[in-house]
Amino acid sequence: MHIGVIGATGTIGSQVVTEALERGHHVSAFSRDATQAQRAEHRDNVTWASLDVLDPRGIAGVLPGLDVLISAFQPGNAARDFEETVRRSIADPTVYATAARALLKGLESHPRTRLIVIGGAGSLEIAPGVVRADSDELLHTTLDQLGLPRAYAAAVRGHRDALDVLRLSNRLWTYFSPAEEIGPGERTGRFRVGGDQPVLDAEGRSRISVEDAAVALVDEAELPRFVQRRFTVGY
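Using numbering that gives the first Met the number 0, the letters of the sequence shown map in sequence onto residues 0 to 234.
Next comes the structure, spelled out in structure tokens:
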């Protein structure tokens, strides 16, 4: 396959690039400024290009030849400066919905290209009809546990709003909510897949490694199961 990855230098995006390449796919890797990545890249079957995820015309221009476009967009680069990404996400939480609209606009000229958007876990149902993003109390408790500032609640809701934008579209979109706890770890290839509810382990925790999240994303690229739907993963 030919897979495009937006945010290809980020925490999840870089792992998606690696996972796709190891499976023999060709990857078009996109970042805001791909100059440094182009110089450092020595792997086969990957090409780098600069792309603004908020520019529909630019997005449309990279779509020819792609089977699927995976967006791991975040403001800033969490892999290099997580605190900056948190600050920028709080400063403009509408950017996630804006990016979703730009991606959908770009796809108007290539409606058969599939889109996978990596979002947040806050819009998952933790009980029937209960979503953390809808409750300050639930959100603040979770953010405290994760060591994130309570103001980050605005960004959690921004991810939820992006999902709502996609749900109004007839494009071939998929939304990926990672587990609530996600970070660098081990690639096990052993996890469970869910839909609109978090996948919990024996201790009641929603967790996944970045490496296994990348496995799940490339699995979905290869064998689509959640077109016009959201999915999540966990141990």
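C-beta atoms are modelled at their ideal positions from N, C-alpha and C, and glycine is treated no differently.
Bear in mind that the values here come from a model prediction, so they are computed numbers and not experimental data.
Asked: DSSP three-state assignment for S13, whether helix, strand or coil; Found: helix
Asked: Reference T187; option with closest CA among L68, E210 and G194; Found: E210
Asked: Reduced DSSP category for G64 - H, G, I as helix; E, B as strand; rest coil; Found: coil
Asked: Cβ-based neighbour list, S108, same chain, cut-off 6 angstroms, excluding 5 preceding and 5 following; Found: A59
Asked: Which listed residue (I207, P127 and G105) has its alpha carbon closest to that of V192; Found: I207
Asked: Three-state secondary structure assigned by DSSP to Y234; Found: coil
Asked: Residue environment, S49, which counts as buried when at least 16 other CB atoms sit within 10 Å; Found: exposed
Asked: 6 angstroms CB neighbourhood of A152 in its chain, flanking five on each side removed; Found: L138
Asked: Every unbroken alpha helix (DSSP H) inside the segment 139-210 [4 residues or more]; Found: 152-166
Asked: Collapsed DSSP secondary structure at R100 in the structure displayed; Found: helix
Asked: Nearest candidate by alpha-carbon position, reference R166, set A99, S30 and P110; Found: A99
Asked: CA-to-CA distance, P63 to G121, given in whole angstroms; Found: 33 angstroms
Asked: Under the three-state DSSP convention, the category E40 falls into; Found: coil
Asked: A215 (DSSP reduced to helix, strand or coil); Found: helix
Asked: Integer-rounded CB distance, given that V15 should sit under 8 angstroms from V217; Found: 7 angstroms
Asked: Residues of its chain near D32, where Cβ-Cβ distance is below 7 angstroms and the 5 sequence neighbours each way are ignored; Found: S49
Asked: Boundaries of the beta strand (DSSP E) in which S27 is found, first to last residue; Found: H25 to S30
Asked: Buried or exposed (CB count within 10 angstroms, at least 16 for buried), E83; Found: exposed
Asked: When E202, M0, V226 and P177 are compared against I117, the one with the closest alpha-carbon; Found: P177
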